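In the numbering used here, the protein residues as written are 17 to 285.
Below: the structure, in structure tokens.
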């Protein structure tokens with residue numbers, strides 16, 4: 017048997033009969049998807065706990081499997097049917113990791129950390145946005161255009177496997193900040209010299225005519241109802257994306273792309 021074939025046979029046998037554990041709530045999570053798993057491995061391999069792959073991904077994930085062997089981490093080669101069960105997703109792309117979950121921060125914890133505040137210029141606040149696929153899409157946009165934190169009501173959806181996969185690895189660059197009171201949180205961000213820009217689909221000044229400050233929080237509401245009335249009175253300015261009017265509005269991923277691209281254009285270093 018050739019050396020490569022022996023290595024692959026050894027890989028297949030490793031951890032073959034181990035029980036598949038459930039993630040410990042709030043401490044561990046499963047992620048899947050090739051780009052997301054590769055990004056996790058490149059950014060924080062120390063948080064890798066267990067690896068599951070299908071046989072057709074052996075070559076693609078060879079570096080990860082060698083790392084697992086060196087660190088004595090369990091990994092398993094699964095059939096397509098087994099992978100569907102383990103990953104709990106139809107979009108696993110042949111890869112699933114069990115990882116340590118990155119904790120979220122309360123806005124109070126964030127604002128008390130001078131180093132975090134100093135190095136976080138653009139924050140995206142998402143009021144009443146709970147769909148993990150929307151959150152993942154926004155995190156992907158944020159990572160692409162240099163907004164390195166989001167503010168949400170509940171961390172669970174943003175820290176879910178679905179959000180992580182949809183972010184295509186972007187979640188690794190994003191801090192998750194939480195609040196149970198958006199008005200109070202925005203007031204505290206104002207006090208820390210962040211400008212608050214509220215987004216709207218039907219009113220406000222043209223985003224492309226605004227002098228966007230470097231230190232700011234962009235606030236987005238849900239796609240169904242937008243930003244709630246109390247928050248509309250708690251910002252420095254309301255902005256909108258000019259359009260033909262042929263459709264009522266953009267979804268949150270598209271809208272955040274346009275707005276953050278303009279922020280990046282102005283402030284890119």
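The beta-carbon is built from N, C-alpha and C at its ideal position, and this holds for glycine as well.
Quick caveat: nothing in here was measured; it's all calculated off a predicted structure.
When the Cα atoms are used, what is the spatial distance from residue i to residue j?
i: residue 188; j: residue 249; result: 33 Å
i: residue 173; j: residue 81; result: 29 Å
i: residue 227; j: residue 44; result: 42 Å
i: residue 220; j: residue 254; result: 5 Å
i: residue 139; j: residue 251; result: 14 Å
i: residue 76; j: residue 112; result: 13 Å
i: residue 195; j: residue 110; result: 36 Å
i: residue 245; j: residue 120; result: 27 Å
i: residue 27; j: residue 115; result: The pLDDT assigned to residue 27 is 47, lower than 50, so where the model puts this residue is not dependable; a value taken from the coordinates is nonetheless given after this. Those two C-alpha atoms are separated by around 20 Å.
i: residue 134; j: residue 72; result: 45 Å
i: residue 204; j: residue 163; result: 19 Å
Among the options, whose alpha-carbon lies nearest the alpha-carbon of residue i?
i: residue 233; options: 196, 276, 245 and 264; result: 276
i: residue 67; options: 58, 60, 59 and 46; result: 46
i: residue 159; options: 203, 177, 136 and 105; result: 136
i: residue 242; options: 101, 265, 176 and 261; result: 265
i: residue 147; options: 94, 78, 129 and 168; result: 168
i: residue 141; options: 179, 267 and 192; result: 192
Report all residues from its chain with a CB closer than 8 Å to the CB of residue i; omit the five preceding and five following residues, and keep chain order.
i: residue 83; result: 57, 61, 64 and 89
i: residue 247; result: 143, 198, 199, 202, 214, 235 and 237
Looking only at its own chain, which residues have a Cβ that is under 6 Å from the Cβ of residue i, when we skip the five neighbours before and after it?
i: residue 99; result: 70 and 108
i: residue 278; result: 223
i: residue 155; result: 183, 186, 187 and 190
i: residue 51; result: 184 and 185
i: residue 274; result: 257
Answer with buried or exposed for residue i, where buried requires no fewer than 16 other C-beta atoms within 10 angstroms of its C-beta.
i: residue 150; result: buried
i: residue 281; result: exposed
i: residue 258; result: exposed
i: residue 270; result: exposed
Since residue i sits in a beta bridge, which residues does DSSP pair it with?
i: residue 154; result: Residue 154 is not bridged to any residue.
i: residue 91; result: 67
i: residue 222; result: 256
i: residue 242; result: 238
i: residue 141; result: 167 and 235
i: residue 44; result: 116
Does residue i have its Cβ less than 8 Å from a Cβ in chain C?
i: residue 217; result: Protein chain content of the structure displayed is limited to a single chain, and chain C is not contained in it.
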